[in-house]
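Using this note's numbering, the first residue of the sequence shown is number 673, and each one after it goes up by one. Note that the Cβ used here is the ideal one computed from N, Cα and C, for glycine as well. Keep in mind that this is a model prediction, so the values were computed, not measured.
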Amino acid sequence: MDKWLQNNTVIKLVALALAIMLWMSVNDTSLHFPQDRDDTRMINNVTLEALYDEDRFEVVQVPDSVNFVLRGDAFSLNMVTPGRYKAFVDLRELKAGRHPNVPVKVEGLPRGVDVDVRPSSVDVVMEKKQQKEMAVQVNVIGKPDDQFKMGEPVVKPARVLVRGPESVLDQVKAVKATVNAEGAKETISRSASLQIYGENGLLSGVEVNPELVDVTLPVASPNAIVPLKVDIGKYPPKGYAIENLTVNTDQVTVYGSKNDVEALEYYPGPKLDLSKAKNDRTFELPIPLTEGAVKVEPDKAEIKVDIVKSATKTMKDVPVKIKGKDDGSRASIMGETKLDFPLHGAPSLLKKIKKSGVEAYIDVSNLSNGEHRVPVRLNLPNYIRLEGEEPSVTVSIRR
């Protein structure tokens, strides 16, 4: 036996016999496992895509989906998975209008799988895109905090372009940005997406450019616009007087609680210190917040003061009035009821003063029965002051 295996010719004959047997085993179908080439499967509701020039046209009518009837062997059919195949209609060479019987095409199925698309063709309607300009409306939902007011919203840009097929574009009634103001205690500034509305609500199939707008919704506490009053904290030194005072704003907007702002007749501004002023001065001062005020606009005031050398003028025989007397009492001034008052101020202002422009009075509202020495108060024109000490008179009260 060993001699046979050592013979070259024998070994070649054995190899040839083995090769013939291997070839026969590969090509003899009777040795294979049977394969079923007649399997049939269905896939329903396959999304139907449309390929078209989206810059110029809009597809307004095309079926959303089609069905597949697949045929092939089991191994190949098992290779069919969503995401690898697609159904589509190619409209890139078509123009606007109605196009019947556009064939449905399929891509992505593995080899060995045949497909029957139902329906195999579809009717398509395409329209040319149009555009129009529209104003942006702001839809505010919710309300600010009870102590705050809401102003008119501001939108940038205020107008946008709406684009779509003519049949849909005709249905557009409004372009809106929605802002939630529920419980707000300060101005809202945000970017908001735009939504397109028709008569029956939201519309689809239209585009808007830009898609986002900037919305500012003023939210502020109750406010009132009142005159600004600038007080003189310290007057110019002796020998000098105020001739004129101007403020760059006559009124301010005061924000605060409803009761506080409604009670305001004027708003007290900054107090000027002119104790060293011997010539014209300009001040830029912050407007202080008083009790009850949370904000003042503007928050600064520019004040110009004209300073001149002062003069004096005496107003003679000015009657002294009695104020604060109740119905059940009698009050009388003992002695002179008319007094002389030396006044101090700018010459141009003193020149204009008449006796009727000077009011002298005493306040007896809190006095008991008897005689009392009380100071005489003066109501004088702006920037005019009493020269010297404040006078007083004796008053008798009888009830």
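Query                                                                                                                                                                   : Result
Okay, do the stretch 879-887 and the stretch 849-864 touch, 3+ Cβ pairs below 8 angstroms being the bar?                                                                : yes
State the Cα-Cα distance for the pair Val-1138 and Gly-823, rounded to the nearest angstrom.                                                                            : Nothing can be reported for residue 1138, as the shown portion of the chain is limited to 673 through 1071.
Going by C-alpha to C-alpha distance, which of Phe-760, Asp-786, Arg-783, Val-787 sits closest to Pro-775?                                                              : Phe-760
With distances taken between CB atoms, is the gap from Glu-765 to Glu-799 smaller than 8 angstroms?                                                                     : no
May I ask you to report which of helix, strand or coil DSSP gives Glu-1043?                                                                                             : strand
What did DSSP end up calling Leu-841 once you bin it into helix, strand or coil?                                                                                        : helix
Does the beta-carbon of Met-693 have 16 or more other beta-carbons within 10 angstroms, so that it is buried, or is it exposed?                                         : exposed
Nearest to Asn-895 by CA position, among Gly-873, Tyr-927, Tyr-724, Leu-917, is which residue?                                                                          : Tyr-927
Rounded to the nearest angstrom, what separates Leu-1073 and Gly-1000 at their Cα positions?                                                                            : For the chain, the structure presents residues 673 to 1071; residue 1073 sits outside this window and is missing.
Note the first and the last residue of the continuous alpha helix (DSSP H) segment covering Ala-746.                                                                    : 746-749
Would Asn-716 be called buried (16 or more neighbouring beta carbons within 10 Å of its own) or exposed?                                                                : exposed
Which of the three DSSP states is assigned to Asp-932 in this structure?                                                                                                : helix
Using three-state DSSP, classify Ser-702 as helix, strand or coil.                                                                                                      : With a pLDDT of 42 at Ser-702, under the threshold of 50, the modelled position of this residue cannot be trusted, and the question is left open.
Would Lys-967 and Gly-941 be called neighbours here (beta carbons separated by less than 8 angstroms)?                                                                  : no
Do Leu-742 and Thr-712 have their beta-carbon atoms positioned less than 8 angstroms apart in this structure?                                                           : yes
For Met-798, which beta-bridge partners are listed by DSSP?                                                                                                             : Val-731, Gly-769
Mark Lys-801 as exposed unless 16 or more other C-beta atoms lie within 10 angstroms of its C-beta, in which case mark it buried.                                       : buried
Ends of the alpha helix (DSSP H) at Lys-997?                                                                                                                            : Looking at the DSSP string, Lys-997 is not in any alpha helix (DSSP H), and its letter there is neither H nor E.
Please name the residue, chosen from Lys-815, Ala-722, Glu-1031, Val-977, that lies closest to Asn-920 on a Cα-to-Cα basis.                                             : Val-977
Which word fits Met-987, buried or exposed, when buried means at least 16 other C-beta atoms lie within 10 angstroms of its C-beta?                                     : buried
Across which residues does DSSP place Leu-874 in a beta bridge pair?                                                                                                    : Tyr-869
Mind checking whether Arg-790 and Val-752 have CB atoms under 8 angstroms apart?                                                                                        : no
So which of Thr-850, Lys-910, Val-794 has the shortest CA-CA distance to Gly-1060?                                                                                      : Lys-910
What residue range is occupied by the uninterrupted alpha helix (DSSP H) comprising Lys-950?                                                                            : Per DSSP, Lys-950 belongs to no alpha helix (DSSP H) and is neither H nor E.
For the putative contact between Ala-1018 and Val-1067, defined by C-beta atoms under 8 angstroms, what is the C-beta separation to the nearest angstrom?               : Actually they do not touch by this definition, with Cβ atoms about 34 angstroms apart.
Please classify Ile-959 as buried or exposed, where buried requires at least 16 neighbouring CB atoms within 10 angstroms.                                              : buried
Pick out whichever of Leu-781, Asp-736, Ala-913 has its Cα sitting closest to the Cα of Asn-1054.                                                                       : Ala-913
In terms of DSSP beta bridges, what is Arg-783 paired with?                                                                                                             : Answer by DSSP bridge pairing: none, since Arg-783 is not bridged.
Output the distance between the C-alpha atoms of Arg-1070 and Ala-1003, rounded to the nearest integer angstrom.                                                        : 6 angstroms
Given a threshold of 16 other Cβ atoms within 10 Å of its Cβ, counted over all protein chains shown, does Thr-701 qualify as buried or as exposed?                      : Residue placement at Thr-701 is poorly supported in this model, since its pLDDT is 39, which falls under 50; the coordinates are not used for a value here.
Leaving out five residues on either side along the sequence, give the residues of the same chain with a beta carbon under 8 angstroms from the beta carbon of Leu-1058. : Phe-1013, Pro-1014, Leu-1015, His-1016, Leu-1050, Leu-1052
Starting from Pro-1019, trace the alpha helix (DSSP H) both ways and give me its first and last residue.                                                                : 1019-1024
Who are the Cβ neighbours of Ser-1037 in its own chain at under 6 angstroms, not counting the five residues just before and after it?                                   : Gly-996
The beta strand (DSSP E) with Leu-917 in it runs from where to where?                                                                                                   : 912-919
Quick check: the Cα distance between Asp-932 and Thr-962, rounded to an integer number of angstroms?                                                                    : 10 angstroms
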